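Reading through the structure tokens given below for one structure.
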Amino acid sequence: NTIEANTRTEDLLKQSQSLAHELQSRQQELQQTNQELEEKAGLLAHQNQEVERKNQEVEQARKALEEKAEQLALTSKYKSEFLANMSHELRTPLNSLLILSDQLCKNPGGNLTGRQVEFAKTIHASGNDLLTLINDILDLSKIESGTVVVDPTDMLLDDLRRYVERTFRHVAEAKSLDFRIQLDTRLPQAMFADTKRLQQVLKNLLSNAFKFTQHGHVTMAIESVKSGWDPGNEMLNRADDVIAFSVEDTGIGISADKQQIIFEAFQQADGSTSRKYGGTGLGLAISRELTRLLGGEIRLVSEPRVGSTFTLYMPQIYTPPRARKSIGSRIAADAQALLPLAAVQEEVRILAPVNHPAHTVDEMEAIPAVNALVNEVGDDRDRIRPGDSVLLIVENDLGFARFLLDAAREKGFKGIVSTLGVAALAVAIEYRPCAITLDIYLPDIGGWRVLDRLKHDPQTRHIPVTVISTDESRARALQAGAYAFVGKPIQGKEVVDELLDKLTRFTNRPRRNVLVVAPDKRRRDWLSGYLSAEDLAVVTAKDGHTATAHLTTSKVDCVVATPDLPEKTVVTLRERLQGEGAQDAIPVIVYSEGGGLGGWAGSGARAVIREVRSPERLLDLASFFLHRDPAKMPESHRNVLRGLHQSIDVLKGKKAMIVDDDMRNIFALSSLLEEQGMAVISHDNGRDAVRSLQTLQDVDVVLMDIMMPEMDGIDTIREIRRIPACKDLPIIAVTAKAMKGDREKCIEAGAWDYLSKPVDTDLMVGTLRGWLATGRTMVDAAPLVQ
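All residue numbers for the sequence shown refer to the working numbering, where the first residue is 1 and numbers rise by one.
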């Protein structure tokens, strides 16, 4: 038993030792596992810290990119403002230089020697060269700054062919070159593209072809293609159809080593000082950038002494480029833009658009102090007699204003000159001119606001306004109701003489001429009967052939058409109305009771085409574009227009501030304005009004009494104009004093209009409508279109 017990004890001891050893091994394993877990936990904590740090870096990078994007947008804005201002500042002195040198070239007094006339011709030619250079530099800068906006419209390729034919046929004949235009029979009828920019590129390519070709031919071919452009051009690759415009010449050609640099700014194939061909070297750079903007591409094949072929590839239907994926990619893509922008940014801050519309009082004090209605150039305002033809000249450049005044006098006008927009409005009301010329850049309020104000006031709405400005907005001017547009600089006096002759004929004609085009006889007869009046002569046409004959043989001031005209008729009329050499800017009103422009849709930015859907709006829009004097309208037409205008809700929902120390006046004016649907707030002193406007952002107009204790209306207006947010706020002075010089003082202080007490209610409402309707172009504002 003892032996067995000892054996069991030994066995148990061995088992215990083995178990202990196993436990020790497991404990070591657990310790090692715990150590590994601790290490992994530490690594995980470190990784979490790294992730957090990375997240913070990403957030900081995102904020930095957003800040850079904002800085880029702001800098681009500064550059755009700088370019717009410099466009005006450079063109204004050129305007006088070109006109006066042109006059010297003609030597009307016969007192210049032949050599002096040659000097004048050299000055005029140099001025034209400088103008071309300025235009090219500004075009290129605007493209680089991203301020060029693509404006695609439907464009008939046949219209483009006719444009090229008209523009270059005489050039080919003058150089005895064969000029060919070839259109592929497989071409679509039209493209959806920016017509103006496409014409600009083609005009540059063709101008170069004629310039560098002395013998042989120049050919422009248009065809549909499936290849030929850079395979990496995304917009052309995803286009359903691509149109190729090839310009081939038999000129001097371009060597292979020069074929890339000619597309760079200020570069030419022959850049030596002894080069035979002049130019700035900007045309192809502008063409390349415009082509990229339009989604296309230019390719060149050339051989010296053989000729060149420039091929412009364009998508048949323009589609905007796809948005980039991130802010970072936009910053990277625009990094080069920051280099030139940095160079001009400080200059922009210094130059701060001097001629920008509507200045604060501090800025206005820098303008030469002059009472608003002072006769600055010795005009004819004190010599006007009943029956005189009066021309109001609204012009910021006094030198050019004097030139226009002299030219107007030669044509039998009496002239009045104003350099301020607000003063011009007062003069227009007081003197009732028969015509107005209007500069857009004025030192007090913008010319567009003046044009809108004139065209909203029943007293001045009918006066034909010609915009003469460096602002390149012909379409905007005509659609806002301007009679004509003349761009500065004007290169010769004959341009002004032609305009004045045109104004004389227009204002002296007792009747305006309307052409009604409708295939349906009943509709045609109804439109003719509805529009007919003593001051309107209405002729009708049933088709394009008859209408074109009227446009060719007779003066037409406005066309009224129906949308059911065949497309072929619309194309014929559109060509006649828009083509160069046609009567200038004949507006088209499409009368469509059911809605829709029919074939007139997409007629391009050069056409003035508007749709109306009711007889009343047809009469209103026709009267607007025909510049009809209400006094010469039949009573039936005046009643229709009066009822239509009284139904306008221009004032409804607008907020007016009345500043007057007499509570009875505040009550009376508040009652009148509230009847028109306006909200009214009031103050009985100027200081409270100024404090209120420093915080309020929704006041649309201020009616300011002038005679107030402590702080009168004049000082209050000045203080309001010191508030940055109020520099464009319409302020109408209302006073019972009505002393001589009051109007001038109010306008000089910053008021935009002046009414004397007791206020005529109709005049008050009309004045408010005029000012509060501004900011929209006339044809976009009720009641002109529906």
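Using N, Cα and C, we set each Cβ at its ideal position, and we do this for glycine too. This structure is a prediction, so every number in the text was calculated from the model and none was measured.
Own chain, CB closer than 8 Å to residue i, minus 5 neighbours either side, in chain order
{"i": "residue 564", "result": "518, 519, 520, 598"}
Strand pairing of residue i, partner residues [DSSP]
{"i": "residue 667", "result": "According to DSSP, which records beta bridges pairwise, residue 667 is partnered with nothing at all."}
{"i": "residue 311", "result": "246, 299"}
{"i": "residue 810", "result": "Residue coverage of the chain in this structure runs from 1 to 786, which leaves residue 810 outside it and unanswerable."}
{"i": "residue 222", "result": "183, 245"}
{"i": "residue 485", "result": "467"}
{"i": "residue 705", "result": "734"}
{"i": "residue 172", "result": "In DSSP, residue 172 forms no bridge with anything."}
{"i": "residue 192", "result": "154, 317"}
{"i": "residue 415", "result": "391"}
{"i": "residue 682", "result": "658"}
Residue i versus the options, residue with shortest Cα-Cα distance
{"i": "residue 224", "options": "239, 201, 41", "result": "239"}
{"i": "residue 257", "options": "235, 632, 215, 301", "result": "301"}
{"i": "residue 548", "options": "483, 697, 569, 247", "result": "569"}
{"i": "residue 787", "options": "561, 631, 440, 419", "result": "Residue numbering for the chain in the displayed model covers 1 to 786; residue 787 lies beyond these limits and cannot be assessed."}
{"i": "residue 576", "options": "717, 551, 566, 181", "result": "551"}
{"i": "residue 122", "options": "137, 405, 106, 566", "result": "106"}
{"i": "residue 411", "options": "493, 421, 233, 375", "result": "493"}
{"i": "residue 543", "options": "571, 531, 53, 530", "result": "571"}
{"i": "residue 445", "options": "419, 464, 430", "result": "419"}
{"i": "residue 180", "options": "221, 734, 163", "result": "221"}
{"i": "residue 387", "options": "379, 378, 414", "result": "414"}
{"i": "residue 421", "options": "74, 747, 755, 34", "result": "747"}
{"i": "residue 127", "options": "769, 255, 98, 69", "result": "98"}
{"i": "residue 172", "options": "196, 689, 214", "result": "214"}
{"i": "residue 759", "options": "670, 47, 52, 727", "result": "670"}
{"i": "residue 677", "options": "768, 756, 375", "result": "768"}
{"i": "residue 250", "options": "661, 108, 309", "result": "309"}
Coarse secondary structure for residue i, derived from DSSP in three states
{"i": "residue 773", "result": "coil"}
{"i": "residue 378", "result": "coil"}
{"i": "residue 532", "result": "coil"}
{"i": "residue 422", "result": "helix"}
{"i": "residue 630", "result": "helix"}
{"i": "residue 676", "result": "coil"}
{"i": "residue 440", "result": "coil"}
{"i": "residue 611", "result": "strand"}
{"i": "residue 132", "result": "helix"}
{"i": "residue 717", "result": "helix"}
{"i": "residue 525", "result": "helix"}
{"i": "residue 5", "result": "helix"}
{"i": "residue 546", "result": "helix"}
{"i": "residue 141", "result": "helix"}
{"i": "residue 371", "result": "In this prediction, residue 371 scores a pLDDT of 39, lower than 50, which makes its location untrustworthy; no coordinate-derived value is stated."}
{"i": "residue 240", "result": "coil"}
{"i": "residue 394", "result": "strand"}
{"i": "residue 743", "result": "helix"}
{"i": "residue 540", "result": "strand"}
{"i": "residue 601", "result": "coil"}
Cutoff 6 Å; reference residue i; Cβ partners in own chain excluding five residues on either side
{"i": "residue 513", "result": "537, 555, 556, 557"}
{"i": "residue 55", "result": "none"}
{"i": "residue 625", "result": "558, 587"}
{"i": "residue 696", "result": "none"}
{"i": "residue 713", "result": "704, 705, 706"}
{"i": "residue 252", "result": "212"}
Neighbour-count burial assignment, residue i, 16 or more Cβ in a 10 Å radius
{"i": "residue 545", "result": "exposed"}
{"i": "residue 315", "result": "buried"}
{"i": "residue 709", "result": "exposed"}
{"i": "residue 382", "result": "exposed"}
{"i": "residue 204", "result": "buried"}
{"i": "residue 428", "result": "buried"}
{"i": "residue 469", "result": "buried"}
{"i": "residue 155", "result": "buried"}
{"i": "residue 20", "result": "exposed"}
{"i": "residue 73", "result": "exposed"}
{"i": "residue 346", "result": "Note on residue 346: pLDDT 32, under 50, position unreliable in the model; the coordinate value appears next. Residue 346 should be labelled exposed."}
{"i": "residue 191", "result": "buried"}
{"i": "residue 3", "result": "exposed"}
CB contact below 7 Å: residue i versus chain D
{"i": "residue 199", "result": "The structure shown contains no chain D, having only a single protein chain."}
Residues of its chain near residue i, where Cβ-Cβ distance is below 7 Å and the 5 sequence neighbours each way are ignored
{"i": "residue 693", "result": "699, 720, 723, 726"}
{"i": "residue 167", "result": "203"}
{"i": "residue 673", "result": "656, 680"}
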